[in-house]
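Quick note on numbering: UniProt numbering labels position 387 of the sequence shown as 387, and the sequence is numbered without any gaps.
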Amino acid sequence: MATAATLPSSCSSTFQTLSHTFSLRLPLRLGGSSFHHLTSLAAFPRLAHSPLLARHPISASAERNGSSSDGEYDYDLFTIGAGSGGVRASRFASTLYGARAAICEMPFATVASDDLGGVGGTCVLRGCVPKKLLVYGSKYSHEFKESHGFGWTYEADPKHDWSSLIGDKNTELQRLVGIYKSILNNSGVTLIEGHGKIVDPHTVSVDGKVYTAKNILIAVGGRPSMPNIPGIEHVIDSDVALDLPSKPEKIAIVGGGYIALEFAGIFNGLKSEVHVFIRQNKVLRGFDEEVRDFIAEQMSLRGITFHTEQSPQAISKSSDGLLSLQTNKETIGGFTHVMFATGRRPNTKNLGLDEVGVRMDKHGAIVVDEYSRTSVDSIWAVGDVTDRANLTPVALMEGGAFAKTVFGGESTKPDYRAVPSAVFSQPPIGQVGLSEEQAIEEYGDVDVYTANFRPLRATLSGLPDRVLMKLIVCASTNKVVGVHMCGEDAPEIIQGIAIAVKAGLTKQDFDATIGIHPTSAEEFVTMRNATRKVRRSTTDEVESKDMPVSTAQYSSIVVALSEGNTLREQHFCSDCLVEIRQLVNLLLHSQPENFMNAVIRMKNYGSLHYKKVAIVCDKYKDFADVLFGSLSNLNTKQNARKRSMDVLKRRLEDFS
Ligand SMILES: Cc1cc2nc3c(=O)[nH]c(=O)nc-3n(C[C@H](O)[C@H](O)[C@H](O)COP(=O)(O)OP(=O)(O)OC[C@H]3O[C@@H](n4cnc5c(N)ncnc54)[C@H](O)[C@@H]3O)c2cc1C
């Protein structure tokens, strides 16, 4: 059992014990000095720059493992925070490796605060689980719409009862808290309720009671963070949004990340009027560019309004209780709720980290080495508090690797290659491996296979739903290095595909796999022709580095063509010129089918301007002629331009 002692005496004695222990420690090199090459580091840029990442190789203590056989500490492991990472690490340390483990966690609440949390952590109480339950609840409205195409009629529109959904969700959360507590209990992990604070490298105080441990694990996660602007007190965060007493009638969601999009989908599905404000010109920074365009378009088609390149300046509340959001561009009023999904910050305040010498980065995230060890040898950290890849399965992996390293005597680094992830937007996204942009950066020569199609279900439903699927292949090894999907069931499908990517399978392996018919997923094994082949060495014709053609850029080009019939350099940002050049490159170097694919892509992606795009694409010859004409305005070399024109003409003849 844990001993409760008074703070001062315990502190001083522990410091003595500590220096004694350190002097006895024999550095035992485990795992060698070579560090993982993290193929997917690009997906988690912070990992690549972690100052401790390439620091010291792990040195385990002289004892066989991290257990304290002589009982000089209350515990072998004391974990602060019973979320995904903390529970996994403590449970494994105890059940698999026989460590004497304790974990502290703050009392339960649906909305976290400095003193409230709950066993299960963010994922179970304020993240993945409640969010997904609300996604399920909100998806029905789309399905009701689809059902009309399949012969269903309703006497009246189905009604939704927000409070029963939230009530049932909360009952389920309570059940999960109970399950987590019994998991800890059955694993022999002592659960201590309260706020933990580190007192010294081997001592934690929980609401004034102190506990000593040979190893301390910090797994305190993160909390929503919001900018300090006028009126911020009127704003809700994701914790509150999951537990509102009533459904928003009209909501502004500030943020373009996955949490913002997921909530936009939830409220849109439940028939709120939803406006999303993003600082950049696209949602989901860091995701594949094509996916970014596609999801914004699909969500727009479902009725969500996006306000791009807008930063929030202030929120004001009028006498009728409604809120206005002022941005750098406009002020929109009439909101019943304004939600900020503007990032999360690690929960490192008031943990005693500075005092004990645990290093943090400028955002307050704990800096760890590849084994999750902090700058203090006996203190470790896993999960969101380290801000490496903030996902539940990653926190679980880090917790498990930590337990194995420290208590299993086997030095184990978490493996961040090909970590799959999902956005439970509507439609959802699943992805694993590299985006097209990251693959080009990493491998140079890349073949990209895409499919953008109307799924079978939409043929009868008549809804404008589409599916985007994308395989990114390293041209030199033929390995599939990235897979992306946006469309119904994408997360479920990508979980299976992730095994293939993790196993390093090649495009031939995908091709040799038999599809399941009729499914959307079968597209992944039937994409025969590359949509584009990006090569490191660009030709004379294309002076700029190949860039993926983004859907927005395609449609902006096409719209301009249909409106003005001429593309002039000054009409476009320099990025767009790159795109035009790349389109020409595609025409010059690809198979004829790929030109058709490009045209189809434009047709499919241009739905916001669908009619105009259709007009242009149906007369692709005209389009090409105009594009062709526009080339004369571009600053390409004379000869190259001439050759471009000739090849382009020949290509067009192939299709006429
Ligand atoms: C809205 C939302 C949706 C999400 N959806 C997904 C998803 O779909 N898929 C996915 O993989 N990830 C998702 N995540 C991320 C996922 O929830 C986190 O990556 C994961 O929970 C991190 O686990 P952790 O153990 O690091 O921290 P947490 O789960 O946050 O656990 C930390 C625990 O520490 C406790 N604590 C903090 N300070 C103290 C202290 N001083 N003393 C005692 N206890 C303390 C907290 O109360 C908390 O219970 C989502 C997150 C959010 C916010």
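The beta-carbon is built from N, C-alpha and C at its ideal position, and this holds for glycine as well.
- Going by beta carbons, A102 and A213 fall inside the 9 angstroms limit.
- The beta carbon of I366 sits no closer than 8 angstroms to any heavy atom of ligand 1.
- Per the Cβ contact rule, the segment 478-494 is in contact with the segment 507-519 (3 or more Cβ pairs under 8 angstroms).
- Counting along the chain, the unbroken alpha helix (DSSP H) around R175 starts and ends at W162 to N186.
- For F267, the enclosing alpha helix (DSSP H) starts and ends at Y258 to G269.
- Contact between G85 and A219 holds, with the beta-carbon distance rounding to 4 angstroms and staying under 8 angstroms.
- Sequence-distant Cβ neighbours of G408 in its own chain, meaning closer than 6 angstroms and more than five residues away, are Y97.
- In the three-state reduction of the DSSP assignment, V206 falls in the strand class.
- Within the same chain, and ignoring the five residues on either side of T405 in sequence, the residues whose Cβ sits closer than 6 angstroms to its Cβ are Y371, S411 and T412.
- According to the DSSP assignment, A241 belongs to the alpha helix (DSSP H) that extends over S238 to A241.
- With fewer than 16 neighbouring CB atoms inside 10 Å of its own CB, Y154 falls in the exposed class.
- When Cβ pairs closer than 8 angstroms are counted between the two stretches, the segment 430-446 is seen to touch the segment 470-481, the count reaching three or more.
- The beta carbons of I493 and S435 sit no closer together than 9 angstroms.
- The shortest CA-to-CA distance from R223 to any of G194, L270 and K349 is the one to K349.
- K507 sits buried, since 16 or more C-beta atoms from the chains shown fall within 10 Å of its C-beta.
- G256 sits close to L284, with the two beta carbons spaced by under 9 angstroms.
- When DSSP assignments are scanned along the segment 304-381, the uninterrupted stretches of alpha helix (DSSP H) that are 4 or more residues long and fall wholly within it turn out to be 353-356.
- Counting only runs that start and end inside the segment 451-536, the beta strand (DSSP E) elements of at least 3 residues fall at 467-474, 480-486 and 532-534.
- The beta carbons of H275 and T305 sit about 5 angstroms from each other, so the pair counts as a contact at 8 angstroms.
- Residue nearest to R279 within the set P414, L323, T327 and V240 is T327 (criterion: CA-CA distance).
- Taking the CA atoms as reference points, D157 sits about 16 angstroms from G137.
- Assigned with DSSP and collapsed to three states, V406 falls in helix.
- Two segments are said to touch when three or more pairs of C-beta atoms, one from each, lie closer than 8 angstroms; by this definition the segment 461-469 touches the segment 141-152.
- Counted as a single uninterrupted DSSP element, the beta strand (DSSP E) harbouring I192 occupies residues T190 to E193.
- Residue environment analysis places E355 among the exposed positions, since fewer than 16 neighbouring C-beta atoms fall within 10 angstroms of its C-beta.
- As DSSP reads the structure, F108 sits in a beta bridge with G117.
- Rounded to the nearest whole angstrom, the CA to CA distance from I295 to R344 is 23 angstroms.
- With a beta-carbon spacing of about 5 angstroms, G515 and V525 fall inside the 8 angstroms limit used to define contacts.
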